[in-house]
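The next block holds one structure in the form of structure tokens; read it before the comments.
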């Protein structure tokens, strides 16, 4: 084989190696999509109101923020009222409950559906879930007062 042929062979080999290296893996890396579920999608507004959430597909030990907009349109972080703290385990799953009544949020929420936004530590939205709040049933005294009107 001549030097010229050997040089061309080496050059073709190197170009082919470079193309294969730049192409990356042939298989797509699959990631689990982030999912958040509400265990109590309809909650009565009361001092004992709690909303249960659970999520999957998060990065292990990822810091999460839970936000909601009150009736005045002010966005609030509710992490201090979450028990236990929502920290994804090695599989990316977590479970928590929002103590709406004990956390003093009842006065900030009107009956209706609100959106809970789950973000990362930099407030990038990861997921949103709806929660419906309903007014407590009227007491007998309240019904009598309405009938007299």
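In our numbering, the protein residues as written are 847 to 995. For glycine and all other residues, C-beta sits at the position ideal for the given N, C-alpha and C. No experiment lies behind these values; they were computed from the predicted model shown.
Per DSSP, which one or two residues make a beta bridge with residue i?
i, result
"residue 917", "Residue 917 is not bridged to any residue."
"residue 900", "883 and 941"
"residue 891", "Per DSSP, none; premise fails for residue 891."
"residue 922", "914"
"residue 906", "Partner(s): none; residue 906 has no beta bridge."
"residue 973", "964"
"residue 958", "979"
Since residue i contacts residue j with CB under 8 Å, what's their CB separation in whole angstroms?
i, j, result
"residue 904", "residue 940", "7 Å"
"residue 977", "residue 880", "Going by Cβ atoms, the distance from residue 977 to residue 880 rounds to 18 Å, so no, they are not a contact pair."
If you drop the 5 nearest sequence neighbours on each side, which residues of the same chain put their C-beta closer than 6 Å to that of residue i?
i, result
"residue 890", "980 and 982"
"residue 876", "Low per-residue confidence applies at residue 876: pLDDT is 48, beneath 50, and the placement is therefore not dependable, though the value from the model is reported in the following sentence. Taken in chain order, the list of residues that qualify is empty."
"residue 986", "none"
"residue 860", "Bear in mind that a pLDDT of 48 at residue 860, under 50, signals an unreliable position, so the number given afterwards is only what the model happens to contain. Around residue 860: no qualifying Cβ."
"residue 900", "883 and 941"
Does DSSP classify residue i as helix, strand or coil?
i, result
"residue 952", "helix"
"residue 981", "coil"
"residue 927", "helix"
Nearest to residue i by CA position, among the options, is which residue?
i, options, result
"residue 922", "967, 951 and 986", "951"
"residue 897", "985, 919, 937 and 912", "912"
"residue 917", "948, 958, 984 and 967", "958"
"residue 936", "902, 893, 953 and 882", "902"
"residue 971", "910, 895 and 892", "910"
"residue 947", "925, 888 and 894", "894"
"residue 967", "954, 925, 949 and 975", "925"
Excluding the five sequence neighbours on either side, which residues of its own chain have a C-beta within less than 7 Å of the C-beta of residue i, listed in chain order?
i, result
"residue 930", "942"
"residue 907", "933 and 934"
"residue 984", "none"
Might you give, ordered along the chain, the residues of its own chain that have their beta carbon closer than 8 Å to the beta carbon of residue i, omitting 5 neighbours on each side?
i, result
"residue 915", "921, 922, 960 and 961"
"residue 1037", "Because the chain spans 847 through 995 in this model, residue 1037 falls outside it and cannot be assessed."
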